[in-house]
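Numbering (UniProt numbering), first residue to last: 1 to 188.
Below, the structure written as structure tokens:
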């Protein structure tokens with residue numbers, strides 16, 4: 001029931017965003033639209049921005065799916081881009097209504113999870129500490145989120161497949177190379 005209620009709140013928010021900008025939407029608007037009480041809203045979310053964060057993370061996580069390893073990260077990233085396109089009115093309204101820091105935080109969380117899985121997979125058998133693996137994942141996280149935010153800022157006009165193809169050219173093999181630079185297996 002909880003996921004059904006959250007999904008109903010998401011659907012109402014997206015429906016209302018087609019009619020008016022985020023700052024003009026109230027919790028009452030959302031609850032009236034989906035036919036639930038304000039108390040039910042507050043049971044699940046502390047405010048509209050909490051709902052937005054949940055929607056962003058939930059949609060991106062679903063889009064990413066199981067594509068979190070070295071062989072499939074590009075597919076996962078492309079699916080995130082496509083999910084953003086599918087929710088363009090929502091994303092553009094959120095992009096223009098909340099702080100850039102909030103959007104970055106949502107995207108950083110998702111992208112870090114993707115990149116740390118890839119880094120950990122490629123670090124197997126190497127002696128690389130967690131701090132160094134985190135640094136590599138963070139580096140790619142910042143690059144990927146920066147590119148995605150720039151793409152959103154430019155109204156999502158560039159084909160995401162081209163962006164992901166360019167990223168693949170830059171990333172392919174470089175995570176492994178970075179890990180080998182940190183590898184202490186042969187240190188005395």
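Cβ atoms here follow ideal geometry from the backbone N, Cα and C, with glycine treated the same way.
Take the Cβ of residue 38 as the centre, count every other Cβ of all protein chains shown within 10 Å, and call the residue buried at 16 or more, exposed below.
exposed
What residues in its chain sit with their C-beta under 6 angstroms from that of residue 31, if we drop five residues either side in the sequence?
38, 41
Between which two residues does the alpha helix (DSSP H) carrying residue 32 extend?
27-34
By the three-class DSSP mapping on this structure, what secondary structure does residue 96 have?
helix
If you run the structure through DSSP and keep just helix, strand and coil, what is residue 124?
coil
Distance, Cα to Cα, residue 164 vs residue 78?
6 angstroms
With C-beta atoms as the reference, is residue 136 less than 8 angstroms away from residue 175?
yes
Let's test the definition: count the other Cβ atoms within 10 Å of the Cβ of residue 87 and tell me whether it reaches 16, buried, or not, exposed.
buried
Can you have a look at residue 12 and say buried or exposed, based on whether 16 or more other CB atoms are within 10 angstroms of its CB?
buried
Thinking just about the alpha-carbon of each residue, which of 180, 132, 111 is nearest to the one in residue 80?
111
If contacts are defined as beta-carbon pairs under 8 angstroms, then residue 18 and residue 25 qualify, I think. What distance do you get, rounded to the angstrom?
Rounded, the Cβ-Cβ distance is 11 angstroms, inconsistent with contact.
Under three-state DSSP, which class holds residue 188?
With a pLDDT of 48 at residue 188, under the threshold of 50, the predicted position of this residue should be treated as unreliable, and no value is reported.
Of the residues 71, 172, 89, 33, the one placed nearest residue 56, counting alpha carbons only:
89
Residues near residue 158 by beta carbon distance below 7 angstroms, same chain, minus five either side:
151
How many Å lie between residue 144 and residue 107 at the Cα?
9 angstroms
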